[in-house]
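Read through the structure below, which is laid out as structure tokens, and then see the notes.
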Amino acid sequence: MKTFLSNPNLTMINESEFMSFPITTDHGHLAHQYLCKIKETLDLSLAEYHRVYVQRVDLRYPKYFFGYNSCTITKFIESLKSKIENDLNRKGKIGKCKLRYVWAREQASSETPHYHVALILNKDVYFCLGNFSNDSGNLSSMIKEAWASALGIEYFQVESSVHFPKNSTYYIHKGKESYLEEYKQCFYRLSYLAKIDTKVYSNGLRNFSSSRK
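Position in the sequence shown counted from 1, then plus 1, gives you my numbering.
Structure below.
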């Protein structure tokens, strides 16, 4: 492992495994500290819930949007937490699902950054995004509403700015024979968020964050 010169707090790794789990090798070096946080966040969820649902989502700024703020991703997380709490309240399931997350901020050639996010939930409460055509009442609409709220714009204005990648849903069932393979596949996918390439370290802004507990 080598220290990353642009950020001495990070240690770079360029291996095919991390703690015996496969990780992506197609995008250059990964940050050891980021991988630790990804695993820690997954493990915290699995310690609380036997069945975990992990959803990847990408968030971008609309082309016409000029109000970029480094606090936007924090506002998104807080808004989504609030919407999930309200949804649980309506369903009589208060306290049954704690939202955990990991996000990475990246910026290549575009004028504004974008965010890769992993949302980690109790599968016994949420298990899919729902119908994308619905404007409310499911997880996909809550995610879009939260991004619109964070940007201070209308729901319809973020339609093309919230992207759910192909094969972006993962389930991990603790106690099942398939548990280890499910964990490996999910961790491999999330290891992409730990890549150092396209993260900007010269502006002092945070490029990676995760749930604290």
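The beta carbon of each residue, even a glycine, is placed where N, CA and C say it ideally should be.
Check	Outcome
Do K97 and N123 have their C-beta atoms within less than 8 Å of each other?	yes
Do A105 and F209 have their CB atoms nearer than 8 Å?	yes
Taking the alpha carbon of D88 as the reference point, which residue from V58, S137, K40 and N132 has its own alpha carbon closest?	S137
Between the alpha carbons of I39 and N135, how many angstroms are there, rounded?	31 Å
So for I144, helix, strand or coil by DSSP?	helix
Please go through the same chain and pick out, in chain order, the residues whose beta-carbon is closer than 8 Å to the beta-carbon of D198, but skip the five residues on each side of it.	H28, G29 and H30
Measuring straight from C-alpha to C-alpha, what distance separates Y189 and Y171?	11 Å
Alpha carbon to alpha carbon, what distance is there between Q186 and K177?	15 Å
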